[in-house]
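Enquirer: Here the sequence shown is numbered in the working numbering, starting from 64 and rising by one per residue. The C-beta atom is built at its ideal place from N, Cα and C for all residues, glycine as well. Pasting a structure here, questions to come.
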Amino acid sequence: MRKKVIAGNWKMNMLPNEAIEFITELTPKVKDTKNEVILCVPYTDLFYSLLAVQETNIHIGAQNVFYKESGAYTGEVSPKMLKCINTEYVIIGHSERRQYFAETDETVNLKLKASLNEGLKPIVCVGETLEQREANETEKVITSQVEKALANLTDEEVKNTIIAYEPIWAIGTGKTATSEDANNSIKQIRNKIKELYGEAVSEEVIILYGGSVKPENAKELFSMSDIDGGLVGGASLKVDSFEKIVNFDKE
Ligand code: 13P
64 MRKKVIAGNW KMNMLPNEAI EFITELTPKV KDTKNEVILC VPYTDLFYSL
114 LAVQETNIHI GAQNVFYKES GAYTGEVSPK MLKCINTEYV IIGHSERRQY
164 FAETDETVNL KLKASLNEGL KPIVCVGETL EQREANETEK VITSQVEKAL
214 ANLTDEEVKN TIIAYEPIWA IGTGKTATSE DANNSIKQIR NKIKELYGEA
264 VSEEVIILYG GSVKPENAKE LFSMSDIDGG LVGGASLKVD SFEKIVNFDK
314 E
C-alpha cells in the first residue's frame with residue numbers, strides 16, 4: 064500500500080513570521096493523520112519552518128534547487144545547502160519554472176540526480192498544456208517528460224522519487240481535471256515507469272495530482288486507484304483549507 068502524501072506548494076508567498084504562525088496553527092490539526100504532510104516553502108522561510116516543525120509530523124521542502132555542488136552560480140542553491148539545514152523534500156521542474164525560468168527536461172534530470180545523491184526527496188512535476196491536451200497529446204507529453212526526468216536513475220532512485228502530475232491548464236485556474244482523467248494520466252505515467260523499471264518499482268512510486276485541489280474535491284481525487292495524494296498550491300496558503308485536504312480521509 065502506498066502512503067498518501069499531501070504537499071503544499073506555497074510558491075512565492077508567505078514571510079517567515081507567517082510561515083511560523085501557519086505551522087503553529089496547523090500542527091495540532093494534523094498531528095493524528097497517517098498521511099505524509101509536506102510544506103514546500105520559499106528559500107527565505109526554510110530555516111524558520113524547519114525549526115517550527117521540530118517535534119511535529121510536518122515535513123519541509125524547497126521549491127527548486129540547482130544541480131551543481133558549489134561554484135560561481137550567483138543566486139543558485141545547491142542540494143548540499145538544502146540538506147545541511149535538514150531540508151527533506153524539493154520540488155523539481157514545476158511548470159512555472161519550466162515556463163518562466165527556462166527549466167528543461169534535461170535540467171530536471173540533472174537536478175533530480177544531484178538531489179538524490181545528496182539524500183533529498185524530490186517531487187518532480189510533469190503536465191501538459193491546454194493546447195497539447197486538445198491535440199490529444201497528453202499521454203505522449205507526460206510520459207516523455209517522465210522518461211527524460213528519470214533517465215539514468217537506478218531502481219532505488221526511482222522508488223525514492225515522487226512524481227506530481229499537474230496539468231498546466233488546471234493550475235491556479237479553478238479548473239480541476241476530473242478524477243477519472245487525472246487517474247488515467249497517472250496510470251499512463253505508472254505504466255511508463257513499469258515499462259522502464261519493471262512492475263515492482265512502478266507499484267511503489269508515489270504519484271500525486273496537482274491543479275486546483277481543494278477541500279471539496281480532495282477526497283474524490285485521492286480515493287482513485289492510482290492517485291497517491293496531491294500537490295496543492297492556492298489551498299495550501301490557508302490553514303483551514305490545507306488541514307481539510309490533509310484530513311480528507313477523516314470523518
Ligand atoms: P493550485 O492548487 O493553486 O492550482 O496550484 C497547483 C500547483 O501548481 C501546485 O504545485
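Whose C-alpha, out of 78, 294, 161, 281, is nearest the C-alpha of residue 311?
Expert: Locating residue 311 in the sequence shown gives position 248, where the first residue counts as 1. Selected option, being the one with the closest Cα: 281.
Enquirer: Specify, as a first and last residue, the run of the alpha helix (DSSP H) that residue 219 falls within.
Expert: Locating residue 219 in the sequence shown gives position 156, counting from the first residue. Per DSSP, residue 219 belongs to the alpha helix (DSSP H) from 218 to 222.
Enquirer: From what residue to what residue does the alpha helix (DSSP H) around residue 247 run?
Expert: The residue given as residue 247 occupies position 184 in the sequence shown. First-last of the alpha helix (DSSP H) with residue 247: 242 to 260.
Enquirer: Can you tell me the Cα-Cα spacing of residue 273 and residue 102, whole angstroms?
Expert: If you number the sequence shown from 1, residue 273 lands on position 210. If you number the sequence shown from 1, residue 102 lands on position 39. Near 14 Å, if we compare the C-alpha coordinates of residue 102 and residue 273.
Enquirer: Please identify the residue among 110, 179, 233, 64 whose C-alpha is closest to the C-alpha of residue 78.
Expert: By 1-based counting over the sequence shown, the position of residue 78 is 15. Taking only the C-alpha atoms, the option nearest residue 78 is 110.
Enquirer: Looking at the unbroken beta strand (DSSP E) that takes in residue 101, where does it start and where does it end?
Expert: What you label residue 101 is simply residue 38 of the sequence shown in a count that begins at 1. Unbroken beta strand (DSSP E) run through residue 101: 99 to 103.
Enquirer: Where does the unbroken alpha helix (DSSP H) through residue 278 begin, and where does it stop?
Expert: The count along the sequence shown starts at 1 and reaches residue 278 at position 215. That run of the alpha helix (DSSP H) goes 278 to 285.
Enquirer: How is residue 184 classed by DSSP in three states: helix, strand or coil?
Expert: If you number the sequence shown from 1, residue 184 lands on position 121. Here residue 184 sits in strand by DSSP.
Enquirer: If I follow the unbroken beta strand (DSSP E) through residue 294, where does it start and stop?
Expert: The residue you call residue 294 lines up with position 231 of the sequence shown. Counting along the chain, the beta strand (DSSP E) containing residue 294 begins and ends at 292 to 295.
Enquirer: Could you tell me the alpha carbon to alpha carbon distance between residue 212 and residue 187, rounded to whole angstroms?
Expert: For the purposes of this step, residue 212 is taken as the residue at position 149 of the sequence shown. For the purposes of this step, residue 187 is taken as the residue at position 124 of the sequence shown. Those two C-alpha atoms are separated by around 8 Å.
Enquirer: Would you call residue 135 buried or exposed, if buried means 16 or more other Cβ atoms sit within 10 Å of its Cβ?
Expert: In the sequence shown, the residue the question calls residue 135 occupies position 72. Classification for residue 135: exposed.
Enquirer: Exposed or buried, residue 164, counting other C-beta atoms within 10 Å across all chains shown (16 or more means buried)?
Expert: In the sequence shown, the residue the question calls residue 164 occupies position 101. With fewer than 16 Cβ atoms within 10 Å of its Cβ, residue 164 is classed as exposed.
Enquirer: The beta strand (DSSP E) that contains residue 109, what's its start and end?
Expert: Along the sequence shown, one-based indexing puts residue 109 at 46. Note, residue 109: premise wrong, no beta strand (DSSP E); alpha helix (DSSP H) at 106 to 115.
Enquirer: Near residue 238, which residues of its chain fall below 7 Å by C-beta distance, leaving aside the five closest residues on each side in sequence?
Expert: What you label residue 238 is simply residue 175 of the sequence shown in a count that begins at 1. Answer for residue 238: 232, 275, listed in chain order.
Enquirer: At what residues does the beta strand (DSSP E) containing residue 212 begin and finish?
Expert: Start at 1 with the first residue of the sequence shown, and residue 212 comes out as number 149. No beta strand (DSSP E) contains residue 212, which is instead part of the alpha helix (DSSP H) from 201 to 212.
Enquirer: Is residue 116 closer than 7 Å to residue 154 when the C-beta atoms are compared?
Expert: Taking the sequence shown and counting its residues from 1, one reaches residue 154 at position 91. Taking the sequence shown and counting its residues from 1, one reaches residue 116 at position 53. Contact flag unset, no.
Enquirer: Leaving out five residues before and five after residue 234 in sequence, what residues of the same chain have Cβ atoms less than 6 Å from its Cβ?
Expert: Counted from its first residue, the sequence shown places residue 234 at position 171. Contacts found: 274.
Enquirer: If the criterion is Cβ atoms closer than 7 Å, does the pair residue 128 and residue 174 meet it?
Expert: Looking up residue 128 in the sequence shown gives position 65. Looking up residue 174 in the sequence shown gives position 111. The answer is yes: Cβ separation under 7 Å.
Enquirer: Express the C-alpha separation of residue 243 and residue 249 in angstroms, rounding to a whole number.
Expert: Numbered from its first residue, the sequence shown carries residue 249 at position 186. Numbered from its first residue, the sequence shown carries residue 243 at position 180. Roughly 10 Å between the two C-alpha positions.
Enquirer: Heavy atom of the ligand 13P less than 6 Å from the Cβ of residue 225, yes or no?
Expert: Position 162 of the sequence shown, counting from 1, holds the residue named residue 225. Not one heavy atom of the ligand 13P is found less than 6 Å from the C-beta of residue 225.
Enquirer: Taking residue 91 as the reference, which of 69, 183, 119, 66 has the closest Cα?
Expert: In the sequence shown, the residue the question calls residue 91 occupies position 28. Considering only 69, 183, 119, 66, the residue with the shortest C-alpha distance to residue 91 is 119.
Enquirer: Closer than 6 Å to a non-hydrogen atom of the ligand 13P - does that hold for the CB of residue 275?
Expert: Start at 1 with the first residue of the sequence shown, and residue 275 comes out as number 212. With a cutoff of 6 Å, residue 275 counts as near the ligand 13P, since its C-beta is closer than that to a heavy atom of the ligand.
Enquirer: What does the Cβ neighbour count give for residue 246, buried or exposed, with the cut at 16 atoms within 10 Å?
Expert: Here residue 246 refers to the residue found at position 183 of the sequence shown. By the neighbour-count rule (16 or more Cβ atoms within 10 Å), residue 246 is buried.
Enquirer: Over what stretch of residues does the alpha helix (DSSP H) that includes residue 83 continue unbroken?
Expert: Here residue 83 refers to the residue found at position 20 when the sequence shown is read from its first residue. Its alpha helix (DSSP H) spans residues 79 to 93.
Enquirer: Alpha carbon to alpha carbon, how far is residue 67 from residue 138?
Expert: As a working mapping, residue 67 is identified with position 4 in the sequence shown. As a working mapping, residue 138 is identified with position 75 in the sequence shown. Computed Cα separation, rounded: 34 Å.
Enquirer: With three or more beta-carbon pairs closer than 8 Å as the criterion, would you say the stretch 214 to 224 touches the stretch 188 to 203?
Expert: Not touching, per the Cβ criterion.
Enquirer: Pick from 241, 295, 285, 220: whose alpha carbon is nearest that of residue 65?
Expert: Here residue 65 corresponds to residue number 2 of the sequence shown, with the count starting at 1. Checking every option, the nearest Cα to that of residue 65 belongs to 285.
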